[in-house]
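Peer 1:
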């Protein structure tokens with residue numbers, strides 16, 4: 001089954017404790033992206049990757065890191081989480097950046113992160 | 001400063017009637033506009049899109065209308081069904097956003113039986 005998987009689905013952590021949210025897709029997609037969803041703000045892009053070893057900042061990259069060492073995986077790293085990073089996080093993938101901007105992105109089920 | 005705005009947080013419609021979801025934008029340079037649908041505890045799923053060179057795009061029960069002069073787009077669902085109850089996000093992309101999607105805050109659609 002074609003899908004985007006994220007782990008963990010739920011995470012409660014404390015300020016300053018490094019964490020990684022994994023994202024994996026099995027569709028051989030070139031383009032991958034991370035978003036956060038907050039009430040009243042919709043989805044805001046954190047980072048995106050147009051291909052392996054190519055990453056770029058989105059609208060809200062502060063406090064986050066990503067890497068794209070292989071095509072299928074795009075982990076999101078929070079080196080020193082803070083309470084303002086409490087949010088619902090989505091990973092997404094698409095055949096290409098062109099497809100992502102005009103057509104379909106496939107989203108994972110989301111990771112609900114709480115930073116105390 | 002939100003470039004894509006969905007001013008109605010929620011909308012309630014009777015089953016079988018037309019649902020109209022609205023979206024306004026401020027950047028006239030957007031090239032594409034997309035609608036996504038999201039159920040609770042799931043990621044958004046793509047619904048329909050429209051290029052800025054068109055004013056209408058239809059896919060089954062879903063039609064998107066684009067009014068460039070008013071910087072306004074709308075999603076029409078006819079007839080509305082219970083399974084349409086979800087949050088609907090409008091998004092836009094263009095050269096100014098480096099072709100990355102800029103999203104609205106979403107409208108929660110409730111279809112009443």
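Chains as they are written, first to last, in the numbering used here: chain A, 1 to 116; chain H, 1 to 113.
We treat Cβ as the ideally placed atom computed from N, Cα and C, and that holds for glycine.
1. Any beta-carbon of chain A closer than 8 Å to the one on residue 104 (chain H)?
2. What is the rounded straight-line gap between the Cα of residue 63 (chain H) and the Cα of residue 49 (chain H)?
3. Are the beta-carbon atoms of residue 14 (chain A) and residue 93 (chain A) separated by less than 8 Å?
4. If you drop the 5 nearest sequence neighbours on each side, which residues of the same chain put their C-beta closer than 6 Å to that of residue 34 (chain H)?
5. In whole angstroms, what is the alpha-carbon distance linking residue 79 (chain H) and residue 69 (chain A)?
6. Can you find the residues in the same chain that come closer than 6 Å, C-beta to C-beta, to residue 94 (chain H), ignoring five residues on each side of it along the sequence?
7. Count the other CB atoms within 10 Å of the CB of residue 43 (chain H); is the residue buried (16 or more) or exposed (fewer)?
8. What residues from chain H crowd round residue 48 (chain A), counting only those whose CB sits closer than 8 Å?
9. If we define contact as Cβ-Cβ less than 8 Å, is residue 109 (chain A) a contact residue for chain H?
10. Can you pull the chain H residues whose beta carbon is under 9 Å from the beta carbon of residue 34 (chain A), in chain order?
11. Taking the straight line between their C-alpha atoms, what separation do you get for residue 72 (chain H) and residue 55 (chain A)?
12. Are the beta-carbon atoms of residue 39 (chain H) and residue 3 (chain H) separated by less than 8 Å?
13. What's the C-alpha gap between residue 45 (chain A) and residue 81 (chain H)?
14. Please classify residue 17 (chain A) as buried or exposed, where buried requires at least 16 other C-beta atoms within 10 Å of its C-beta.
15. Measure the beta-carbon distance from residue 27 (chain A) to residue 48 (chain A) and round it to whole angstroms, keeping in mind my assumption that it falls under 8 Å.
16. Would you report the Cα separation of residue 12 (chain A) and residue 7 (chain H), rounded to the nearest angstrom?
17. Can you grab the Cα-Cα spacing for the pair residue 98 (chain A) / residue 53 (chain A), in whole Å?
Peer 2: In short:
1. Stepping through the second chain from its first residue, residue 104 (chain H) is reached at position 104. Yes, residue 104 (chain H) lies at the interface with chain A (some Cβ there is under 8 Å from its Cβ).
2. Looking up residue 63 (chain H) in the second chain gives position 63. Looking up residue 49 (chain H) in the second chain gives position 49. Roughly 9 Å separates the two Cα atoms.
3. As a first step, residue 14 (chain A) must be located in the first chain, where it is residue number 14. As a first step, residue 93 (chain A) must be located in the first chain, where it is residue number 93. Contact flag unset, no.
4. Position 34 of the second chain, counting from 1, holds the residue named residue 34 (chain H). Here the set comprises 49, 91.
5. Translated into the one-based positions of the second chain, residue 79 (chain H) becomes position 79. Translated into the one-based positions of the first chain, residue 69 (chain A) becomes position 69. If I take the Cα positions, the gap works out to 46 Å.
6. For this step, residue 94 (chain H) is matched to residue 94 along the second chain. So the qualifying residues of the chain are 29, 30, 31.
7. Within the second chain, residue 43 (chain H) is the residue found at index 43, counting from 1. Per the 10 Å Cβ criterion, buried.
8. The sequence position of residue 48 (chain A) within the first chain is 48, counting from 1. 100, listed in chain order.
9. For this step, residue 109 (chain A) is matched to residue 109 along the first chain. Closer than 8 Å: yes.
10. Taking the first residue of the first chain as position 1, residue 34 (chain A) is located at position 34. Going along chain H, no residue has its Cβ under 9 Å from residue 34 (chain A), so there is no contact; the nearest lies around 12 Å.
11. As a position in the second chain, residue 72 (chain H) is number 72, starting the count at 1. As a position in the first chain, residue 55 (chain A) is number 55, starting the count at 1. A direct Cα-Cα distance of roughly 32 Å separates residue 72 (chain H) from residue 55 (chain A).
12. Within the second chain, residue 39 (chain H) is the residue found at index 39, counting from 1. Within the second chain, residue 3 (chain H) is the residue found at index 3, counting from 1. No, they are not a contact pair.
13. Along the first chain, read from residue 1 onward, the residue named residue 45 (chain A) stands at position 45. Along the second chain, read from residue 1 onward, the residue named residue 81 (chain H) stands at position 81. The straight-line gap from Cα to Cα measures roughly 31 Å.
14. The count along the first chain starts at 1 and reaches residue 17 (chain A) at position 17. Its Cβ having fewer than 16 others within 10 Å, residue 17 (chain A) is exposed.
15. One-based indexing of the first chain puts residue 27 (chain A) at position 27. One-based indexing of the first chain puts residue 48 (chain A) at position 48. Not a contact, Cβ separation roughly 16 Å.
16. Sequence index remark: in the first chain, residue 12 (chain A) carries index 12 (1-based). Sequence index remark: in the second chain, residue 7 (chain H) carries index 7 (1-based). So the alpha carbons of these two residues sit roughly 32 Å apart.
17. By 1-based counting over the first chain, the position of residue 98 (chain A) is 98. By 1-based counting over the first chain, the position of residue 53 (chain A) is 53. Approximately 18 Å, taken between the alpha carbons.
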